[in-house]
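Residue numbers (the numbering used here): 4 to 282. Here a beta-carbon is modelled for each residue, glycine too, at the ideal position from N, C-alpha and C. Read through the structure below, which is laid out as structure tokens, and then see the notes.
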């Protein structure tokens, strides 16, 4: 039902962008998908087709623009789409946050806003070029050009090397203690907390907690096959701890999550696993 295609950025943008993607589905006009996102990185989506909305406040659904910025998530962010849809977008590396944005990421966690409100990209021009593109290659090229122009405008070419290291740790060693991660990177825990809030939007502990959950969710959905030793590390202390984490990150019990229809969230897990093996 949902077709997803992902693309690596060009060499010049690889330090800044984790992935480009195109999602699309042909559905009956009255078919409604209500799902949630749990994003590790900030990302941008160009809405090319379909009626997309996000829950910007309890019970309040909105689509403030056709070119949307989503902050990373500490809680599940509910979204809804009706009928056929198509989107194109990209995920921003946390270590590159200061290269595209003037304000710290923690101001935008769990938020949905027009892209130009945050990073000032020429969203109208970019959207027009993406919509006019004949294929995925043209869509990606249009987004790449807009991103590169923004980086040049701010003049911040250098990414944060320490945060790049922590990004790798969070994605490959989600059970590592924060103190050990800070020592490996060469920062004090306090320095790491300050830098993480600026770039990831969350504390290091919250980043690792979310990564650990996503590792387990990816295994449950069948996109990864961790060894018994790795799976044992991912397991929680007891059933109540497991239930608590699922409630926090999905608003469901583990049993409900296993049975739930979550095509958008599932596509995000698939993208996460694919990009992990290509970095």
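- Here the stretch 204 to 211 makes contact with the stretch 157 to 177; the two share three or more CB pairs at distances below 8 angstroms.
- Per DSSP, residue 77 is not a residue of any alpha helix (DSSP H), being assigned neither H nor E.
- One alpha carbon belongs to residue 263, the other to residue 252, and they sit about 14 angstroms apart.
- If you draw a straight line from the Cα of residue 30 to the Cα of residue 87, it is about 5 angstroms long.
- In the structure shown, residue 103 adopts helical secondary structure according to DSSP, grouped into three states.
- When only Cα atoms are considered, residue 14 and residue 279 end up about 17 angstroms apart.
- Non-local beta-carbon contacts of residue 270 in its own chain, meaning distances under 7 angstroms to residues more than five positions away in sequence, involve 5, 7 and 26 in chain order.
- In this structure residue 42 does not touch residue 68 by the C-beta definition: roughly 18 angstroms separates them, more than the 8 angstroms allowed.
- The stretch 53 to 67 and the stretch 95 to 104 do not touch, with fewer than three beta-carbon pairs separated by less than 8 angstroms.
- Here the alpha carbons of residue 95 and residue 71 stand approximately 13 angstroms from one another.
- For residue 174, the enclosing alpha helix (DSSP H) covers residues 164 to 175.
- A residue is called buried when at least 16 other Cβ atoms come within 10 angstroms of its Cβ; residue 243 does not meet this threshold and is exposed.
- If you ignore the 5 residues before and after residue 92, its C-beta comes within less than 7 angstroms of the C-beta of 24, 46, 47, 48 and 49, all in its own chain and listed in chain order.
- Note on geometry: alpha-carbon atoms of residue 160 and residue 181 lie some 28 angstroms from one another.
- Here residue 227 carries a coil assignment [DSSP, helix/strand/coil].
- With contacts defined as CB atoms closer than 8 angstroms, residue 153 and residue 115 fail to qualify as a contacting pair.
- By the neighbour-count definition (other C-beta atoms within 10 Å, threshold 16), residue 191 is an exposed residue.
- The residues 39 and 58, in chain order, have a CB closer than 6 angstroms to that of residue 81 in the same chain once the five nearest residues on each side in sequence are set aside.
- Secondary-structure assignment with DSSP links residue 67 through no beta bridge to anything.
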